[in-house]
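**Q** I'd like to ask some things about the structure below.
Protein chains in written order, with full-length UniProt numbering: chain A, 1 to 214; chain B, 1 to 346.
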């Protein structure tokens, strides 16, 4: 299916407040449908294959830094997989990653659908999480919840590229970090002085008196 | 939303407390999910009565899973409504008394990934820089063992008002709920809560969780007689339950015939008191509680109440072959006015 011009279903959820519209792409009201259609219309060439569009998206300047470094390859593969998912899937990603007016702002902020996707993908990747292995030994992570949900429902499967990306990051913790060591030191000094009220679990508390030695 | 019309089929599920496996069993016995965890509940409305957090290490997994299930249910005309329990409110307020070791570890891992994601966002020029996850959170906690500092910091960051986990999941919960002729609250409602306004309660708690009300939780969720801590209708013996106040409360909610509550573990399973006008559905499901036999309450369109229960004899380690059975005649004390228990073959 065409990743850029897929049909978008209205959601019954009050949270999403989508207008159901079937007319021209550009509209007065900032409805999700119209914005997606507008973004899709920009730079969209029907004659371009999905593969060519995907390569174009990879050339998007805003992900240039993410494509470098030790995990650049894994990032690109995960990005491409995501890019090739349907518009409906992408909309679900937007809903997961952004809230309310953020979604509208995000689509309006950038010109061009490819740039939208860069931002979108970054927002989504920002919510990657990981947990330790459950009883059966299979790794579980939050990308799983995203990807498998979408893949089981709509047929694309981005679990493997996401897991590969996570594994690469685990092996290279600084793969995507900026060089801001100076900032961190200053922050650490500030934070040391903050009072904060928290009631800890009893097992985490320092024992008050040392146990007598026998 | 606070008030919903009556549902064709309504299923109420009690406290889950960080045990994903038992949580899924509860959904399974009500035919809401298949063996792969996918929604098969059709147009059923499900109410989860709160206390997803604490006592177990699967908190994040359950939150994400319920979120996914909500989407699936909605696509099929069903609905899952999640509620705040006292443990949700406690965690937002930094009260970690019932957090487990694995609970702390999970959040440390979560925080590491969250910050990696923020670093990735920072690499994209032109994007708004994400704020520091740990802004305003101390590096040290005198009195707490050093090895737990990271976990504590992460959990504070996640759950404090406007924290990412609070925003994403807990702010979507309701605190007081009406579905048809059933009223839901984690602990229970007092007359002053109805007088204050159930909508208002939900709004204020939601605002608090989203960071719009500073660091003090709203009165309605604070203290022994609050909506999420009340036990007045949940004592083991009916004679100790405040049935007259319950009647008063139900009388002031249009159409209300019963109040359904969690929060107080019912060792003999789901049961009702005050002529079944107070139904207590917390069975201590989690292994961090009493590892109770999964039970859920089912209410059909004609207000018929049934308890769906997993058979302890058919249950085995392999959760895909859970059996569901009726408990009549197995030597358990069944209160006179208990809703009928039914056998459900899975």
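Think of the CB as a built atom: it goes at the ideal place given N, C-alpha and C, for glycine as much as any other residue.
Could you have a look at residue 271 of chain B and say whether DSSP puts it in helix, strand or coil?
**A** Residue 271 of chain B falls in the strand class under three-state DSSP.
**Q** Do residue 355 of chain B and residue 52 of chain B have their C-beta atoms within less than 9 Å of each other?
**A** A question about residue 355 of chain B goes unanswered here, because the residues of chain B that appear run from 1 up to 346.
**Q** Assuming residue 103 of chain B and residue 163 of chain B are in contact, meaning their beta carbons sit under 8 Å apart, how far apart are those beta carbons, in whole angstroms?
**A** The pair is not a contact, with the Cβ atoms about 15 Å apart (cut-off 8 Å).
**Q** Quick check on residue 7 of chain B: buried or exposed, where buried means 16 or more other Cβ atoms within 10 Å of its Cβ?
**A** The residue is buried, with at least 16 neighbouring Cβ atoms inside 10 Å.
**Q** Would you list the residues sitting across from residue 174 of chain B in a DSSP beta bridge?
**A** Its beta-bridge partners are B/83.
**Q** Using a Cβ-Cβ cut-off of 9 Å, state whether residue 70 of chain A counts as contacting chain B.
**A** Not one chain B Cβ lies under 9 Å of residue 70 of chain A.
**Q** Using a Cβ-Cβ distance cut-off of 9 Å, determine whether residue 204 of chain A contacts chain B.
**A** Yes, its Cβ sits closer than 9 Å to a Cβ of chain B.
**Q** Quick one: give me the first and last residue of the beta strand (DSSP E) that residue 45 of chain B is part of.
**A** Its beta strand (DSSP E) spans residues 45-48.
**Q** To the nearest angstrom, report how far apart residue 95 of chain B and residue 68 of chain A are at their CA atoms.
**A** Approximately 42 Å between the Cα atoms of the pair.
**Q** When you compare each of B/293, B/189, B/222, B/204 to residue 278 of chain B by their alpha carbons, which one comes out closest?
**A** It is B/189 whose Cα lies nearest to the Cα of residue 278 of chain B.
**Q** Just the Cα atoms here: how many angstroms apart are residue 108 of chain B and residue 160 of chain A?
**A** If you take the alpha carbons of residue 108 of chain B and residue 160 of chain A, they lie about 24 Å apart.
**Q** Does the distance from the CB of residue 293 of chain B to the CB of residue 281 of chain B come in under 9 Å?
**A** Cβ atoms of residue 293 of chain B and residue 281 of chain B: not closer than 9 Å.
**Q** Quick one, are the C-beta atoms of residue 46 of chain B and residue 308 of chain B less than 9 Å apart?
**A** For residue 46 of chain B and residue 308 of chain B, no; Cβs fall outside 9 Å.
**Q** Span of the alpha helix (DSSP H) holding residue 251 of chain B?
**A** Taken as a continuous stretch (DSSP letters only), the alpha helix (DSSP H) holding residue 251 of chain B covers 243-251.
**Q** Quick one: using the 10 Å Cβ neighbour count with 16 as the cut-off for buried, is residue 244 of chain B buried or exposed?
**A** By the neighbour-count rule (16 or more Cβ atoms within 10 Å), residue 244 of chain B is not buried but exposed.
**Q** Evaluate the contact criterion for the stretch 219-226 of chain B versus the stretch 245-255 of chain B: three or more CB pairs, one atom per stretch, below 8 Å.
**A** Verdict: no, contact absent.
**Q** Apart from the five residues just before and just after residue 20 of chain B, which ones in its own chain have a Cβ nearer than 7 Å to its Cβ?
**A** The answer, listed in chain order, is 58, 61, 62, 65.
**Q** For residue 198 of chain B and residue 271 of chain B, I'd like the C-alpha separation in whole angstroms.
**A** Each residue's alpha carbon lies about 25 Å from the other.
**Q** From residue 100 of chain B to residue 59 of chain A, what distance separates their C-alpha atoms?
**A** Cα to Cα, the separation comes out at about 46 Å.
**Q** Can we say the stretch 197-211 of chain B touches the stretch 230-245 of chain B, given the rule of at least three CB pairs closer than 8 Å?
**A** Touching, no.
**Q** Going by other Cβ atoms of all chains shown within 10 Å of its Cβ, with 16 needed for buried, is residue 203 of chain A buried or exposed?
**A** Exposed, by the Cβ-count rule.
**Q** Could you give the first and the last residue of the continuous beta strand (DSSP E) run that contains residue 183 of chain B?
**A** Here the beta strand (DSSP E) through residue 183 of chain B covers 182-185.
**Q** In angstroms with no decimal places, state the Cα-to-Cα distance between residue 283 of chain B and residue 35 of chain B.
**A** Their backbone Cα atoms lie some 22 Å apart in a straight line.
**Q** For residue 26 of chain B, list the residues DSSP reports as bridge partners.
**A** According to DSSP, residue 26 of chain B bridges with nothing at all.
**Q** Taking residue 201 of chain A as the reference, which of B/97, B/22, B/9 has the closest Cα?
**A** The shortest Cα separation from residue 201 of chain A among B/97, B/22, B/9 belongs to B/97.
**Q** Below 8 Å on the Cβ atoms is my contact criterion, and I expect residue 211 of chain B with residue 161 of chain B to pass it. Report the Cβ-Cβ distance as a whole number of Å.
**A** Sure, about 4 Å apart at Cβ, within 8 Å.
**Q** Report all residues from its chain with a CB closer than 8 Å to the CB of residue 320 of chain B; omit the five preceding and five following residues, and keep chain order.
**A** With a pLDDT of only 41 at residue 320 of chain B, under 50, the local geometry of the prediction cannot be trusted, and no value is derived from it.
**Q** Under a CB-based cut-off of 9 Å, is residue 2 of chain B close to chain A?
**A** No, no contact with chain A.
**Q** Check residue 12 of chain B in the structure and name its three-state DSSP category.
**A** Here residue 12 of chain B sits in strand by DSSP.
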